[in-house]
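I have placed the structure first, in the form of structure tokens, so that the comments after it can refer back to it.
Number of protein chains: 2
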Amino acid sequence: MAGFSIKQLRYFEALALHGHFGHAAEASAISQPALSVQIKDLEQSMGMQLFERSARQVRLTPFGEAFATRVREILHRVDALDDFARAAQGRLTGRFRLGVIPTIAPYLLPRLIGNLGKSHPRLDLHVRETLTPRLVQELLQGRIDTAIVALPVSEPSLFEMPLFKENFVLVRPEKDAGKPAPRASELREMRLLLLEEGHCFRDQALNFCNAPSAVPRDGLDGSSLSTLVQMVGAGIGVTMIPEMAMGVETRSAQVNCVAFDDPQPGRTIGLVWRASNPLAEAFEEIGEVVRQSESAATTG
Amino acid sequence: MAGFSIKQLRYFEALALHGHFGHAAEASAISQPALSVQIKDLEQSMGMQLFERSARQVRLTPFGEAFATRVREILHRVDALDDFARAAQGRLTGRFRLGVIPTIAPYLLPRLIGNLGKSHPRLDLHVRETLTPRLVQELLQGRIDTAIVALPVSEPSLFEMPLFKENFVLVRPEKDAGKPAPRASELREMRLLLLEEGHCFRDQALNFCNAPSAVPRDGLDGSSLSTLVQMVGAGIGVTMIPEMAMGVETRSAQVNCVAFDDPQPGRTIGLVWRASNPLAEAFEEIGEVVRQSESAATTG
DNA sequence: GCCAGCCATAACTAAAAGTTATCACGCTCA
DNA sequence: TGAGCGTGATAACTTTTAGTTATGGCTGGC
Chain A
1 MAGFSIKQLR
11 YFEALALHGH
21 FGHAAEASAI
31 SQPALSVQIK
41 DLEQSMGMQL
51 FERSARQVRL
61 TPFGEAFATR
71 VREILHRVDA
81 LDDFARAAQG
91 RLTGRFRLGV
101 IPTIAPYLLP
111 RLIGNLGKSH
121 PRLDLHVRET
131 LTPRLVQELL
141 QGRIDTAIVA
151 LPVSEPSLFE
161 MPLFKENFVL
171 VRPEKDAGKP
181 APRASELREM
191 RLLLLEEGHC
201 FRDQALNFCN
211 APSAVPRDGL
221 DGSSLSTLVQ
231 MVGAGIGVTM
241 IPEMAMGVET
251 RSAQVNCVAF
261 DDPQPGRTIG
271 LVWRASNPLA
281 EAFEEIGEVV
291 RQSESAATTG
Chain B
1 MAGFSIKQLR
11 YFEALALHGH
21 FGHAAEASAI
31 SQPALSVQIK
41 DLEQSMGMQL
51 FERSARQVRL
61 TPFGEAFATR
71 VREILHRVDA
81 LDDFARAAQG
91 RLTGRFRLGV
101 IPTIAPYLLP
111 RLIGNLGKSH
121 PRLDLHVRET
131 LTPRLVQELL
141 QGRIDTAIVA
151 LPVSEPSLFE
161 MPLFKENFVL
171 VRPEKDAGKP
181 APRASELREM
191 RLLLLEEGHC
201 FRDQALNFCN
211 APSAVPRDGL
221 DGSSLSTLVQ
231 MVGAGIGVTM
241 IPEMAMGVET
251 RSAQVNCVAF
261 DDPQPGRTIG
271 LVWRASNPLA
281 EAFEEIGEVV
291 RQSESAATTG
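If you read the sequences in order, they're chains A and B.
Residue numbers 1 to 300, in this note's numbering, belong to the letters of the first sequence in order.
Residue numbers 1 to 300, in this note's numbering, belong to the letters of the second sequence in order.
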């Protein structure tokens, strides 16, 4: 293998430039003999003489000149690498793979993407939208860097950063507007439309009603919050959606939304990442941006 | 300045490839702790973490991936540099600047260039044709690498490699054909046409006649052997030319050539280079090619 | 909760790179 | 031509760096 070092290449370059061992050594901040032996070693490891030494002049050999061209190219790239590291220091750079659960993604991402573009302009953002178990798996495998999910995830090797709590609201046919908000016990009696199995939001809703997730149901599950709301508008039943989805999903449907009485149902959304990931600091910054995007989404 | 070494980059590459300190260390033929500290040092000198270590996996950070791309690029060039040196080993490569005196150049170069092209295909040959003193000066300044001149040059820092001896022949009007060759003493009485001052060949010819170089003459000096031969053909006088020029120069002129009796006048042509030039061996090869080109030129 | 796998750290040794002192060579100049 | 100077190479030694083995500590799986 290549037996030379970057130092030797630097010394070589200096000597090629100065044409004088003493001066090149001074420029390299080492002693002249040190430079001499390094050059000699370099020549030896190349098996070729790089310089022609006469009494008054040190000159590159023709081979040395061809060599110098390539050496300069290499040193240039080495310096560029160094600059690159220095510029990236502490900052999040390059590809950033974020997973988001489906009951958050459509309402948060539009704002989040805009905000991240401003706060981290060099970021190459990749978004993955899928269910929590899959996100966790991909996180553990290193296929994504962080994920926005409902807490807790309770994976020992994942770190969880709580971002915000979001409440659920009841969505019912418009004709029910004015009626008081039902209590959990009453809700169990109503025809509650939910997302299909696998969505954590389904479990969270059922949990509020004190009903087990696995209970057999009537097969009217929807594949998205949007579908559920449309079904409510058609008078098929009622549903619950996260506050954040309210603005988007109920605008065009004939439905009425009402907050539950305390204790309101809800969930904590957080950012999770591998505890071993060294970019924790940067991820906390990202989390902060997510938090800002959420508050803008619910108030706006 | 960049504080890392090529070794560290190699270790980095190995670890990025294997994703496992133990395996990467083995592949790099060092111990695992040695690899660990080298990677740590590299990360420290970059000010950035390159790998994410979890209990079961070692993974590049996003920054590490960007870093790896550049590292591979650098290592590739480093290897290429090594290959380049190994390929050039011992051989003469790149630019080769050869000086030749004017009384040799036109007769030798056509064949020499062809032969060099065959024997040293990678050579980028530059030819300089001028008088000996200038060639010597340019040699000493490192503006040319070697020169073909008449020996001796007697510069202490130049090495002289004798190549061949060439005799001078007399060129006289065609009507003199059949006359015996004149002796040196007779030649002094004839109207001897010579090259203008500065040409070593002039001095060599005068030396044969035992006449000093500086003697005032009649102003009929020619600027090339070709001119001299044409003047002889016009009946203006006689001249001497090197054997090698005979074929080319007398073909189209109405002149007769005759060799002198022993001791024949002549000169030794040689290749000279700076004694400090490390490519002596390669130059001897070149000299051999010149020698072959000459013998082909005189016999052919 | 123990075991196995794996990386980090410590303590030490070997190798490499640097230092100062000195030599040897070749050019310049009296 | 021989003294002196400028310059690179070499020698002897020191410091720094890179490598070794031994060992510790964390983590995930059974």
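Each residue gets a CB set at the ideal place from its N, CA and C atoms; glycine is no exception.
query	result
Check whether B:L92 and B:E285 have beta carbons under 9 Å apart	yes
Option nearest A:R56 by Cα separation, candidates A:G235, A:F84, A:M48, A:G19	A:G19
The beta strand (DSSP E) enclosing A:A259, as first and last residue numbers	255 to 259
Beta-carbon proximity of A:R95 to B:S54, cut-off 9 Å	no
Close beta carbons around B:S36, own chain, < 7 Å, minus the five adjacent residues each side	F21
Per-residue DSSP class, three states only, for A:D221	coil
Residue closest to B:V238, alpha-carbon to alpha-carbon, out of B:E65, B:G287, B:T69, B:L187	B:L187
Own chain residues within Cβ distance below 7 Å of B:G142, not counting five before or after	none
Through-space distance from A:K165 to A:G300, alpha-carbon basis	Any answer about A:G300 is weak, because its pLDDT of 47 lies below 50 and its placement is not dependable; what the coordinates show is given next. One C-alpha to the other measures close to 17 Å.
C-alpha gap between B:Q230 and B:A253, whole angstroms	6 Å
Opening and closing residue of the beta strand (DSSP E) in which B:F208 lies	No beta strand (DSSP E) contains B:F208, which is instead part of the alpha helix (DSSP H) from 200 to 208.
Whole-angstrom distance between B:A24 and B:D31, CA atom to CA atom	The sequence given here has Ser at residue 31 of chain B, not Asp. Approximately 9 Å between the Cα atoms of the pair.
Burial state of B:R86 (16 or more Cβ within 10 Å)	exposed
Among A:V290, A:A66, A:F67, the one whose alpha carbon lies nearest that of A:I148	A:V290
Same chain only: Cβ atoms within 6 Å of B:A296, ignoring 5 sequence neighbours per side	R111
Enclosing beta strand (DSSP E) for B:L98 [first to last residue]	94 to 100
Sequence ranges, alpha helix (DSSP H) only - wholly within the segment 142 to 211 of chain B, length at least 4	184 to 187, 200 to 208
Host alpha helix (DSSP H) of A:P265 (start-end)	Where A:P265 is concerned, there is no enclosing alpha helix (DSSP H), given that its DSSP letter is neither H nor E.
Touch test, the segment 163 to 178 of chain A against the segment 260 to 280 of chain A, Cβ-Cβ under 8 Å, three pairs minimum	yes
Beta-carbon neighbours of B:P121, restricted to chain A and to distances below 7 Å	Neighbours of B:P121 on chain A: none; closest Cβ ~15 Å, over 7 Å.
Residues that B:E65 contacts on chain A, provided the C-beta gap is smaller than 9 Å	G94, R95
Amino acids of chain B, ordered along the chain, whose beta-carbon sits closer than 7 Å to that of A:A14	What A:A14 touches in chain B: nothing, since even the nearest Cβ is about 12 Å away.
Cβ pair B:Q49, B:G64 closer than 9 Å	yes
Given 8 Å, three or more beta-carbon pairs between the segment 194 to 206 of chain A and the segment 122 to 138 of chain A	yes
For B:F4, three-class secondary structure by DSSP	coil
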